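In full-length UniProt numbering, the protein residues as written are 1 to 464. Beta carbons: idealized from backbone N, C-alpha and C, even for Gly. Every value quoted in this text rests on a predicted model; they were computed, and no experiment measured them. Just below is one structure, and these are the notes that go with it.
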């Protein structure tokens with residue numbers, strides 16, 4: 001009735017229409033990526049044509065509203081030496097730390113400021129690395145490590161301190177790795193010595209504050225840019241730290257640092273042999289592999305990872321991690337066949353996300369039909385029915401979806417399949433797939449009154 005009234009209103013009228021629905025199936029082109037309406041590209045052109053005073057007014061207005069943003073803008077438009085820029089950011093970090101320390105009710109505002117500013121500094125660091133300003137990037141990164149330690153020293157609210165530490169270890173440690181790898185390629189002795197010295201100073205102050213593992217990572221990073229003289233010092237410090245490491249195979253940590261020293265040579269086969277013989281810790285191996293990728297030596301990374309995935313005694317968890325790394329390597333090497341095979345191996349090991357990679361990769365190679373049944377067999381054994389049916393629905397593999405429903409044997413799977421129909425399956429109208437799935441479920445649920453009634457209600461709903 002309501003639809004009739006609405007249709008009469010719009011009848012014979014040329015009305016403008018807009019699709020307001022935000023449902024996932026109502027796709028629109030993102031203005032940031034749409035070729036015909038590229039906001040960033042158009043913005044660049046517009047800025048070129050716009051009066052500078054207009055842009056300046058907009059920036060100043062934003063800067064007044066957001067003090068963290070003002071620091072970002074200032075660092076972009078003022079030509080500062082790395083040390084000067086470091087002092088600029090240090091001043092803001094100290095200011096925020098003081099605000100957090102003075103905050104007694106911990107309402108989160110000063111700490112949110114710190115996280116926001118850290119995010120800005122991370123963005124600036126990436127920009128500096130991309131523009132070969134490694135000294136600037138390094139100073140910013142080490143300032144954030146110092147901030148992490150300062151929060152602990154000041155006894156700042158423990159949850160804040162732990163959250164910030166986790167952020168730094170997850171992000172800035174990788175950033176330091178990238179900086180050292182780029183420094184290895186740049187081969188600027190002055191910058192290398194600066195980085196080595198500052199990292200050693202950090203280690204001397206904070207190594208024994210439950211930071212042994214972190215310091216070994218840092219030693220490995222700077223070992224990449226060491227010369228004969230600094231390598232000897234770095235090795236000596238590694239030997240000393242080993243005495244205080246709770247790690248059972250602490251000798252391996254020293255080998256980890258030695259691997260970085262070996263990598264500075266010209267023969268990458270040496271690092272492959274050394275790593276395979278002397279290191280079996282997943283974190284250490286992953287860092288060495290990442291170094292290979294950062295220095296455009298993907299073949300070296302491939303050799304190391306293939307050695308470890310071929311090991312007979314390797315655990316499922318380790319193998320999965322190495323396969324994840326291998327897939328990145330094969331992507332870099334543009335080896336589509338191995339990329340697809342690795343995705344299939346990941347899927348077989350229980351990595352649900354690898355299903356998409358495997359299907360897409362084999363489809364690209366024109367080989368999907370060759371492995372379709374194998375992937376389906378793996379999924380039926382490894383994946384919960386709800387997750388797998390959802391994946392099949394997303395890929396419009398309705399034949400396999402029907403086949404999976406026919407294999408249902410347990411009440412638990414029946415319940416999960418009904419949940420899938422509630423959430424996703426009921427909307428699969430193609431070739432009446434939803435009806436067929438529900439008819440299968442009605443047979444599976446025949447001996448359970450509640451489930452059978454639920455299935456019948458869904459059938460009634462789609463036949464209205």
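Inset, instruction - Identify, in the order they occur along the chain, each residue of the same chain with its Cβ nearer than 7 angstroms to the Cβ of residue 352, setting aside the five sequence neighbours on each side. - result: As a first step, residue 352 is located in the chain shown; it is residue number 352 there, counting from the start. Non-local C-beta neighbours of residue 352 in its own chain, meaning closer than 7 angstroms and more than five positions away in sequence, comprise 383 and 387, ordered along the chain.
Inset, instruction - Please specify which runs of the alpha helix (DSSP H), each continuous and at least 4 residues long, are wholly inside the segment 76–152, giving them in chain order. - result: For the segment 76–152, the continuous alpha helix (DSSP H) assignments of 4+ residues that do not extend past its boundaries occur at 82–102 and 109–130, in sequence order.
Inset, instruction - Would you be able to state if there are at least three C-beta pairs under 8 angstroms between the segment 232–244 and the segment 177–185? - result: no
Inset, instruction - Taking 8 angstroms as the threshold, find out whether the segment 77–95 comes into contact with the segment 45–52 through three or more Cβ pairs. - result: The segment 77–95 and the segment 45–52 do not touch, with fewer than 3 CB-CB distances between them shorter than 8 angstroms.
Inset, instruction - State whether the segment 117–124 contacts the segment 50–66, with contact taken as three or more CB pairs (one from each stretch) at a distance under 8 angstroms. - result: no
Legend entry - Burial state of residue 283 (16 or more Cβ within 10 Å): One-based indexing of the chain shown puts residue 283 at position 283. When all chains shown are included, residue 283 counts as exposed.
Inset, instruction - Would you mind giving the Cβ-Cβ distance between residue 264 and residue 184, rounded to the nearest angstrom? I have them listed as a contact below 8 angstroms. - result: To locate residue 264, count along the chain shown from 1; it is residue 264. To locate residue 184, count along the chain shown from 1; it is residue 184. Indeed they touch by this definition, with Cβ atoms about 7 angstroms apart.
Legend entry - Test item: CB-CB of residue 376 and residue 346 under 9 angstroms: Mapped onto the chain shown, residue 376 falls at position 376. Mapped onto the chain shown, residue 346 falls at position 346. Not a contact, by the Cβ cut-off of 9 angstroms.
Legend entry - Proximal residues to residue 523 (C-beta, below 7 angstroms), its chain only, five neighbours per side dropped: The structure shown does not extend to residue 523, since the chain is modelled only from 1 through 464, so no value can be given for it.
Legend entry - Counted within 10 angstroms of its Cβ, other Cβ atoms place residue 217 as buried (16 or more) or exposed: In the chain shown, residue 217 corresponds to position 217, counting from 1. It counts as buried.
Inset, instruction - Report the rounded CA-to-CA distance for residue 169 versus residue 340, giving the unit in angstroms. - result: For the purposes of this step, residue 169 is taken as residue 169 along the chain shown, with counting starting at 1. For the purposes of this step, residue 340 is taken as residue 340 along the chain shown, with counting starting at 1. Their backbone Cα atoms lie some 32 angstroms apart in a straight line.
Legend entry - Secondary structure of residue 416, DSSP reduced to three states: Stepping through the chain shown from its first residue, residue 416 is reached at position 416. Residue state, collapsed to three classes: helix.
Inset, instruction - Following the continuous alpha helix (DSSP H) through residue 47, name the residue where it begins and the one where it ends. - result: Locating residue 47 in the chain shown gives position 47, where the first residue counts as 1. Note, residue 47: alpha helix (DSSP H), 39–49.
Inset, instruction - Please check if any C-beta of chain D sits within less than 9 angstroms of the C-beta of residue 96. - result: Of the chains in the structure shown, none is chain D; there is only one protein chain.
Legend entry - Any 3 or more C-beta pairs closer than 8 angstroms across the segment 324–336 and the segment 366–373: These segments do not touch.
Inset, instruction - Check residue 406 in the structure and name its three-state DSSP category. - result: Within the chain shown, numbered from 1, the residue matching residue 406 stands at position 406. Reduced to three states, the DSSP call for residue 406 is helix.
Inset, instruction - Can you tell me which of the three DSSP states residue 187 falls into? - result: Position 187 of the chain shown, counted from the first residue, corresponds to residue 187. Here DSSP, grouped into helix, strand and coil, assigns residue 187 to coil.
Inset, instruction - Round the Cβ separation of residue 406 and residue 440 to the nearest angstrom and send it over; I've been treating them as touching at under 8 angstroms. - result: Here residue 406 corresponds to residue number 406 of the chain shown, with the count starting at 1. Here residue 440 corresponds to residue number 440 of the chain shown, with the count starting at 1. Right, their Cβ atoms sit about 6 angstroms apart.
Legend entry - Pair within 9 angstroms by beta-carbon distance, residue 319 and residue 309: Numbered from 1 along the chain shown, position 319 holds the residue referred to as residue 319. Numbered from 1 along the chain shown, position 309 holds the residue referred to as residue 309. Contact flag set, yes.
Legend entry - Which of helix, strand or coil DSSP assigns to residue 432: Locating residue 432 in the chain shown gives position 432, counting from the first residue. Helix, per DSSP.
Inset, instruction - For residue 165, collect the residues of the same chain with a Cβ closer than 7 angstroms to its Cβ; drop the 5 residues on either side in sequence, then sort them by chain order. - result: Locating residue 165 in the chain shown gives position 165, counting from the first residue. Correct list, in chain order: 148.
Legend entry - Helix, strand or coil at residue 399 [DSSP, three-state]: Along the chain shown, read from residue 1 onward, the residue named residue 399 stands at position 399. Helix.
Legend entry - Cβ-Cβ distance between residue 256 and residue 287 below 9 angstroms: Translated into the one-based positions of the chain shown, residue 256 becomes position 256. Translated into the one-based positions of the chain shown, residue 287 becomes position 287. The answer is yes: Cβ separation under 9 angstroms.
Inset, instruction - Provide the residue span of the alpha helix (DSSP H) that contains residue 458, from first to last. - result: For the purposes of this step, residue 458 is taken as the residue at position 458 of the chain shown. Unbroken alpha helix (DSSP H) run through residue 458: 449–462.
Inset, instruction - Along the alpha helix (DSSP H) that carries residue 282, what are the first and last residues, could you check? - result: In the chain shown, residue 282 corresponds to position 282, counting from 1. Unbroken alpha helix (DSSP H) run through residue 282: 282–294.
Inset, instruction - Locate the alpha helix (DSSP H) running through residue 267, then write down its first and last residues. - result: In the chain shown, residue 267 corresponds to position 267, counting from 1. Residue 267 -> no alpha helix (DSSP H), and no H or E assigned at all.
Legend entry - From 269, 285, 71 and 273, residue whose alpha carbon lies closest to that of residue 220: Taking the chain shown and counting its residues from 1, one reaches residue 220 at position 220. Selected option, being the one with the closest Cα: 285.
Inset, instruction - Could you check which residue in 420, 350, 289 and 225 has the C-alpha nearest to that of residue 454? - result: Here residue 454 refers to the residue found at position 454 when the chain shown is read from its first residue. It is 420 whose Cα lies nearest to the Cα of residue 454.
Inset, instruction - Inspect the beta-carbon positions of residue 444 and residue 389 and report whether they are closer than 9 angstroms. - result: What you label residue 444 is simply residue 444 of the chain shown in a count that begins at 1. What you label residue 389 is simply residue 389 of the chain shown in a count that begins at 1. No.
Inset, instruction - Pull up the CB-CB distance for residue 140 and residue 124, whole angstroms please, since I reckon it's below 8 angstroms. - result: Along the chain shown, read from residue 1 onward, the residue named residue 140 stands at position 140. Along the chain shown, read from residue 1 onward, the residue named residue 124 stands at position 124. 6 angstroms between Cβ atoms; contact.
Legend entry - Buried or exposed (CB count within 10 angstroms, at least 16 for buried), residue 409: Residue numbering aside, residue 409 sits at position 409 when the chain shown is read from its first letter. Exposed, because fewer than 16 other Cβ atoms sit within 10 Å of the Cβ of residue 409.
Inset, instruction - Within the same chain, show all residues whose beta-carbon is closer than 6 angstroms to that of residue 433, passing over the 5 residues directly before and after it, in chain order. - result: Translated into positions along the chain shown, residue 433 becomes position 433. Taken in chain order, the residues that qualify are 398.
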